[in-house]
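Notes for the one structure printed next.
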Amino acid sequence: MTGGAPTPAAVAVVLRDGSTVGLRTVRPADAPALEEFLAGLSTESRWRRFFTAATDLDRVARWAADVAARGGHGLVATAGEPERIVGHGCWERIDGDRAEVAYEVADALQGQGLGTILTAHLAGAARAAGIATLTAEVMAENRPMLDVLRESGFAADVVESPEGLHVELATDLSPGAVDRYLEREGTAAAAALRHFLAPESVAVVGASARPGSVGGQVLERLLDSGFDGRVVPVNPRGGRLRGLAVARSLAELAEPVELAVVATPAPAVAAVARAAAAAGTRALLVLSGGFAEAGPEGVARQEELVAICRAAGMRLVGPNCLGAMSRGRPIDVTFAPRPAPPGRLALLSQSGGVGLALIDRAERLGVGLSAFLSIGNRPDVSLDDALEHWEHDPATDAILVYAESFGNPRNFVRIARRVARAKPIVAVRAGRSAVGARAAASHTGAVVASSSVGIDALLAQAGVIAAEGLGELFDVAALLAAGRQPAGRRVAVVSNAGGPAILCADACVAGGLELPELPATVRGRIAAAAPPGAATANPVDLLAAATPDAFATTVTEIAASGAVDATIAIHTPVLDVSADAVRAALREAAAATELPLLTVDFAGARGPATPGLAEFDYPESGARALAAVARHAEWRARPRGEPPAFRDARRGSAAEIVGAAVAGGESRWLDPAETAALLAAWDVPTVETRHVSGPAAAGRAAAALGAPIVLKAATPGLHKTDVGAVELGLRGPLEVRRAAQRMARRLRRRGIDPAGFVVQREVAGGVELLAGITRDPLLGPVVACGSGGTLVELVRDVAVRLAPVTRDEAAEMVGSLAAAALLAGHRGEPPADVAAVEDLV
């Protein structure tokens with residue numbers, strides 16, 4: 141949602157039906173286009189806007205286009221190529237903190253949320269200009285305008301006036317305004333994805349009978365998918381394909397198609413997009429490569445494609461993608477060799493190649509999909525849009541993601557955090573080397589610049605289950621597809637061989653799972669069903685001679701005991717016990733219980749899908765998947781926290797410090813004095829410190845502070861221990877002054893001119909920790925905490941989250957550190973004030 145700055149030169153905004161229009165600041169040169177727009181409004185719309193159908197449109201247009209010259213602000217919504225105005229809104233100040241606002245929206249777009257979008261952006265610009273209230277005079281019969289104001293979520297007062305109704309709208313961002321904005325955003329995203337996953341009609345541009353052609357494969361997949369809408373093959377040669385007449389171009393079509401799938405060479409795609417826009421196509425799915433992934437020429441080609449689509453309000457998936465598939469209204473417009481089985485998991489892949497591998501793997505493992513979407517270069521439709529669509533898809537229970545980047549990471553966190561509370565999201569952490577690539581100049585920057593740390597923070601804060609690779613992605617998917625999730629971390633391991641059980645138990649413990657001892661009564665019943673000598677503790681070793689009935693009885697008794705939340709059963713083929721019979725017995729046991737049952741078959745065999753049962757090739761795979769899902773279940777059960785308000789903070793002072801630091805226009809680290817002042821503005825206690833200009837002043841500061849003293853060079857971004865810019869345990873003014881002189885000489889020999897010195901009282905004992913905040917190039921403001929000291933960047937005991945951080949997240953960060961054991965008290969040391977550390981974070 142607009143945060144307060146005026147709308148930039150041009151942005152794309154999504155309407156309620158999923159289409160887009162451009163939004164930009166109005167310019168004086170827009171007067172003729174504004175007059176044309178106003179003239180095109182219906183008589184009723186002009187009456188509602190001007191209280192009369194007859195008005196001097198030329199004068200009104202020139203007044204609206206020149207509003208900035210009078211201290212106001214105006215916006216126009218645009219569409220088409222060449223650009224035409226389809227909406228307008230502006231405000232003009234009437235006194236100190238009040239302004240009058242007015243809107244007009246093209247009749248064809250009324251009811252699509254454009255008026256509400258204009259309200260949000262105009263209110264943001266007004267708020268930035270110090271305007272607290274927007275006012276409007278509205279005819280009592282003008283229900284659309286009243287609906288716009290009500291749906292905006294901004295606090296509105298409506299009273300009768302001689303002209304009709306007088307409306308006053310507060311520009312402050314209320315929770316209601318934010319909620320309405322997010323609701324509209326989700327509705328628009330879901331509508332956009334429906335054009336790709338549930339269209340009424342599809343054209344395949346580039347369809348061909350040539351063996352091995354992408355267009356031909358897509359047409360085959362579409363016709364074989366059970367799609368019941370209109371299908372139009374398009375190829376300049378015409379003719380017939382699969383009994384269908386082939387159109388030579390989209391321009392030939394008597395009726396527009398909702399979705400056009402493009403499988404042509406990259407240089408031809410722009411012309412196809414223009415033809416689609418002219419024909420009224422709502423969505424374009426471009427499979428072709430040769431765009432932004434292919435160098436400068438491809439970047440220019442992609443920019444042209446995006447401009448065509450945005451001008452037409454046409455949504456774009458791709459380019460450079462594999463396609464889309466959905467089971468809701470059956471459709472498959474991919475060129476995968478074979479379809480995935482039906483199921484309740486949605487799958488998104490940014491990479492077409494990985495998408496092919498994922499579909500193939502899903503088919504081999506029997507992991508069913510409700511939908512598949514490959515977004516390729518994603519200049520328009522993104523992962524965020526897909527998440528918001530699948531959030532409300534009744535056919536989808538969980539979402540699998542392979543993404544090489546997250547676009548707007550903060551937007552991803554906001555959306556994924558909400559979606560993941562209803563439907564688990566499992567993501568492969570790809571593209572980790574691209575995150576935080578800039579060189580770090582401080583300890584905080586160095587630990588955050590580790591790409592894995594940044595991505596870990598992103599996914600953890602969003603409640604996303606992070607998979608280390610495609611194998612783990614499908615391991616977790618198999619457990620989610622089984623339809624049962626553990627209520628806790630307690631697990632029982634059952635096997636007919638000791639070694640695999642030990643491997644599984646070790647993996648369970650490493651993942652944070654617990655293996656409780658089973659109740660004596662349960663152990664007795666297991667012993668009665670198992671061969672003599674079976675170990676009935678947890679893990680349970682049924683021995684090599686274990687029968688299918690012994691496996692089934694053991695699993696059933698454990699599930700009924702209430703002692704565990706899940707069971708892992710491992711069968712190693714030995715003796716003459718039928719592996720097929722064991723698998724069948726375990727499927728029956730899974731159907732008879734309510735807990736998740738994970739089975740391991742070293743032969744890699746898979747049986748028919750059974751509710752509650754997930755099959756794995758190795759014990760460690762099942763254990764890791766169970767641990768990941770159990771942690772996610774705990775995250776979902778925790779109440780959502782809110783960032784603390786910090787009502788006593790001196791925000792104005794903090795803003796002045798930061799403002800002065802960035803006034804030069806270049807990014808830089810705050811110097812020690814600025815850092816201390818900023819922390820003081822937020823009431824963060826710091827060690828007693830003096831900031832001085834030279835050695836003599838350092839000696840005087842030491843006399844005032846008392847021994848022992850720490851002396852540091854006041855040079856921002858310096859790794860002090862590396863260059864001898866810190867000395868500890870100094871006593872007395874003379875020793876401190878001489879230390880400062882030595883330090884200055886050392887630094888100057890390295891070409892560093894110290895800006896001054898920091899003199900501090902040395903703090904003895906305690907646990908040395910790091911806490912800091914930095915702005916990551918991709919992630920934005922990032923908070924880090926971890927073990928401190930000179931080895932911080934080697935030890936990498938660090939936790940990272942995107943700001944703002946809730947109290948629960950701060951506690952989670954501190955508790956996740958290896959240093960947490962030291963904070964709790966280690967080898968006789970007293971425990972630290974952990975709550976104070978959490979407050980600091």
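Under the numbering used here, think of the first position of the sequence shown as 141, with each following residue one higher. Beta carbons are placed, not taken as given, at the ideal position from N, Cα and C, and that holds for glycine. Source: prediction; values computed, not measured.
Excluding sequence positions up to five away, which residues of its chain have a Cβ less than 6 Å from the Cβ of residue i?
{"i": "Pro759", "result": "Pro640, Leu643, Cys644, Ile710 and Val740"}
{"i": "Val954", "result": "Val977 and Glu978"}
{"i": "Gly229", "result": "Leu215, Tyr243, Leu258 and Leu262"}
{"i": "Leu456", "result": "Leu424, Cys449 and Asp520"}
{"i": "Leu513", "result": "Ala464, Leu488 and Ala526"}
{"i": "Ala632", "result": "Asn678, Ile698, Val704 and Thr707"}
Spatial neighbours of residue i within its chain, please: CB distance less than 8 Å, with the 5 preceding and 5 following residues excluded, ordered by chain position.
{"i": "Ala732", "result": "Thr696"}
{"i": "Thr275", "result": "Ile234, Arg238, Ala239, Glu240, Val241, His306, Val307, Glu308 and Leu309"}
{"i": "Thr142", "result": "Here the model assigns Thr142 a pLDDT of 41, short of 50, so the residue's position is not dependable, and the following value carries that caveat. Once the five neighbours on either side are set aside, the close Cβ partners of Thr142 are Ala260, His261, Ala263, Gly264 and Ala265."}
{"i": "Ser292", "result": "Thr256, Thr259, Ala260, Ala263, Leu309, Ala317 and Arg320"}
{"i": "Glu908", "result": "Ser927, Gly928 and Gly929"}
Step through the CB atoms of chain B and report whether any lies within less than 8 Å of the CB of residue i.
{"i": "Ser292", "result": "Judged by its chain identifiers, the structure shown contains no chain B, having just a single protein chain."}
Below 8 Å on the Cβ atoms is my guess for residue i versus residue j; work out the distance and round it to an integer in Å.
{"i": "Gly652", "j": "Ala767", "result": "6 Å"}
{"i": "Ala447", "j": "Val439", "result": "Wrong, their Cβ atoms sit about 13 Å apart, outside the cutoff."}
{"i": "Leu197", "j": "Leu178", "result": "5 Å"}
{"i": "Asp472", "j": "Leu362", "result": "6 Å"}
{"i": "Arg764", "j": "Glu755", "result": "Not a contact, Cβ separation roughly 15 Å."}
{"i": "Thr855", "j": "Gln900", "result": "With 8 Å as the limit, Thr855 and Gln900 do not qualify as a contact, their Cβ atoms being about 16 Å apart."}
{"i": "Ala838", "j": "Arg877", "result": "6 Å"}
For the beta strand (DSSP E) containing residue i, name the first residue and the last one.
{"i": "Thr707", "result": "Ala706 to His711"}
{"i": "Ser389", "result": "From DSSP, Ser389 is part of no beta strand (DSSP E); its letter is neither H nor E."}
{"i": "Leu399", "result": "Leu399 to Val402"}
{"i": "Ser341", "result": "Ser341 to Val345"}
{"i": "Glu867", "result": "Val866 to Leu870"}
{"i": "Val153", "result": "Val151 to Val154"}
On the DSSP bridge assignment, give the partners of residue i in chain order.
{"i": "Phe897", "result": "Val832 and Ala853"}
{"i": "Ile515", "result": "Partner(s): none; Ile515 has no beta bridge."}
{"i": "Glu291", "result": "Looking at the DSSP assignment, Glu291 forms no beta bridge with any residue, so it has no partner."}
{"i": "Ala502", "result": "Ala502 pairs with nothing; no bridge assigned."}
{"i": "Pro921", "result": "Arg915"}
{"i": "Ile471", "result": "Ser466"}
{"i": "Asp235", "result": "Arg238"}
{"i": "Leu509", "result": "Leu485"}
{"i": "Ser635", "result": "Asp681 and Ile710"}
{"i": "Leu305", "result": "Val278 and Glu300"}
{"i": "Ser927", "result": "Leu909"}
{"i": "Phe756", "result": "Val740"}
{"i": "Arg569", "result": "Ala543"}
{"i": "Thr160", "result": "Val154"}
{"i": "Val695", "result": "In DSSP, Val695 forms no bridge with anything."}
{"i": "Val426", "result": "Val402"}
If I follow the unbroken alpha helix (DSSP H) through residue i, where does it start and stop?
{"i": "Gly982", "result": "An answer regarding residue 982 cannot be provided, because it is not within the stretch 141 to 981 covered by the chain."}
{"i": "Ser466", "result": "Ser466 -> not in any alpha helix (DSSP H); beta strand (DSSP E) instead, spanning Ala464 to Ser466."}
{"i": "Ala660", "result": "Ala660 to Ala669"}
{"i": "Leu364", "result": "According to the sequence displayed, residue 364 carries Asp and not Leu. Here the alpha helix (DSSP H) through Asp364 covers Val354 to Asp364."}
{"i": "Val553", "result": "Pro549 to Ala560"}
Using a Cβ-Cβ cutoff of less than 7 Å, which residues in the same chain neighbour residue i once the five nearest sequence positions on both sides are dropped?
{"i": "Pro784", "result": "Arg947"}
{"i": "Thr327", "result": "Arg156"}
{"i": "Pro146", "result": "Bear in mind that a pLDDT of 48 at Pro146, under 50, signals an unreliable position, so the model cannot answer this."}
{"i": "Glu814", "result": "Ile797 and Ala801"}
{"i": "Ala989", "result": "Beyond the ends of the chain as shown, which are 141 and 981, falls residue 989; an answer cannot be given."}
{"i": "Ala330", "result": "Glu528, His529 and His532"}
| task | Indicate whether the contact test is met: 3 or more Cβ pairs, each with one atom in the region 865-884 and one in the region 848-855, closer than 8 Å. | result | yes
| task | May I ask you to verify whether the region 502-512 touches the region 468-487, counting CB pairs closer than 8 Å and requiring at least 3? | result | yes
| message | Below 8 Å, how does it come out for the region 264-272 and the region 335-354: are there three or more Cβ pairs, yes or no? | response | no
| So does the region 282-293 actually touch the region 516-527, counting three or more Cβ pairs closer than 8 Å? | no
| said: Counting beta carbon pairs with one atom in the region 202-217 and one in the region 153-164, are three or more of them shorter than 8 Å? | reply: yes
| request: Taking 8 Å as the threshold, find out whether the region 551-563 comes into contact with the region 345-365 through three or more Cβ pairs. | output: no
| Is the region 690-709 touching the region 599-614, taking contact as three or more C-beta pairs under 8 Å? | no
| Does the count of Cβ pairs from the region 723-731 and the region 684-693 closer than 8 Å reach three? | yes
| query | Would the region 657-670 and the region 615-625 be scored as touching if the rule is three or more Cβ pairs under 8 Å? | reply | no
| query | Is the region 713-726 in contact with the region 673-681, if contact means three or more CB pairs nearer than 8 Å? | reply | no
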